[in-house]
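Participant: Below you'll find the structure I mean.
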Amino acid sequence: MIGLCLGLAGAVWASLPVPAFTLAWSHTVEKIRWEEDYRVTAEGLLLGEARVRGSGAGMEIPDGAVLEGGSWHYRRQLPPLQPLRLGRTPEAGDYQLCFDGACHPLGEWLGPPRAERPAVELWSCVQ
Numbered sequence: 014m015i016g017l018c019l020g021l022a023g024a025v026w027a028s029l030p031v032p033a034f035t036l037a038w039s040h041t042v043e044k045i046r047w048e049e050d051y052r053v054t055a056e057g058l059l060l061g062e063a064r065v066r067g068s069g070a071g072m073e074i075p076d077g078a079v080l081e082g083g084s085w086h087y088r089r090q091l092p093p094l095q096p097l098r099l100g101r102t103p104e105a106g107d108y109q110l111c112f113d114g115a116c117h118p119l120g121e122w123l124g125p126p127r128a129e130r131p132a133v134e135l136w137s138c139v140q
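Structure, rendered in structure tokens:
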């Protein structure tokens with residue numbers, strides 16, 4: 014079974030048996046929530062729809078986005094991401110992984126963001 018691995022440079026810190034998830038976070042300055050939906054495939058993480066609740070410093074709404082229910086919805090055409098690298102520092106707060114109807118901070122599996130470990134990677138892996 015293919016699932017989601019979390020770690021860095023190929024070292025697995027945690028793995029989750031999920032076929033899909035939403036990655037969510039708040040912009041560090043504007044405090045506006047962003048969400049990206051991913052499917053976990055053998056080729057990597059496939060980005061589906063993404064949403065953002067507004068614009069601001071460095072947060073332009075992408076061309077073709079549609080305002081629905083208070084969020085701008087859009088799609089980007091990207092190849093499978095393998096890995097998806099995220100910056101993760103105490104100052105920026107934590108990302109959330111949402112699946113099975115609930116959102117969980119990455120800290121639930123990795124501990125809180127730490128300055129000495131400022132990044133994490135997500136990739137598809139065999140469970």
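Convert by adding 13 to the 1-based position in the sequence shown; the result is the number in my numbering.
Yeah, the Cβ is synthetic: ideal placement off N, Cα and C, and Gly gets one too.
Note that the coordinates shown come from a computational prediction; the quantities given were computed from them, not determined experimentally.
(1) Beta-carbon within less than 8 Å of Ser28's beta-carbon, same chain only, minus the 5 sequence neighbours each way: which residues are those?
(2) The beta strand (DSSP E) with Gly61 in it runs from where to where?
(3) What's the gap between the Cα of Pro131 and the Cα of Gly100?
(4) Quick one: residues in its chain with C-beta nearer than 6 Å to the C-beta of Pro118, no 5 flanking neighbours on either side, listed in chain order?
(5) Count the other CB atoms, across all protein chains shown, that sit within 10 Å of the CB of Ala55; report buried if there are 16 or more and exposed otherwise.
(6) Tell me the rounded alpha-carbon separation between Gly57 and Glu134.
Facilitator: On the basis of the supplied data:
(1) Position 15 of the sequence shown, counting from 1, holds the residue named residue 28. Cβ within range, chain order: Gly16, Leu17, Cys18, Leu19, Cys138 and Gln140.
(2) Here residue 61 corresponds to residue number 48 of the sequence shown, with the count starting at 1. Gly57 to Val65 is the span of the beta strand (DSSP E), which, as asked, contains Gly61.
(3) For this step, residue 131 is matched to residue 118 along the sequence shown. For this step, residue 100 is matched to residue 87 along the sequence shown. Pro131 and Gly100: Cα-Cα distance of roughly 6 Å.
(4) Counting from one through the sequence shown, the residue named residue 118 turns up at place 105. If we look at Pro118 and ignore the five residues flanking it on each side, its Cβ neighbours are Asp107 and Gln109.
(5) Along the sequence shown, one-based indexing puts residue 55 at 42. Label assigned to Ala55: exposed.
(6) Locating residue 57 in the sequence shown gives position 44, where the first residue counts as 1. Locating residue 134 in the sequence shown gives position 121, where the first residue counts as 1. About 12 Å.
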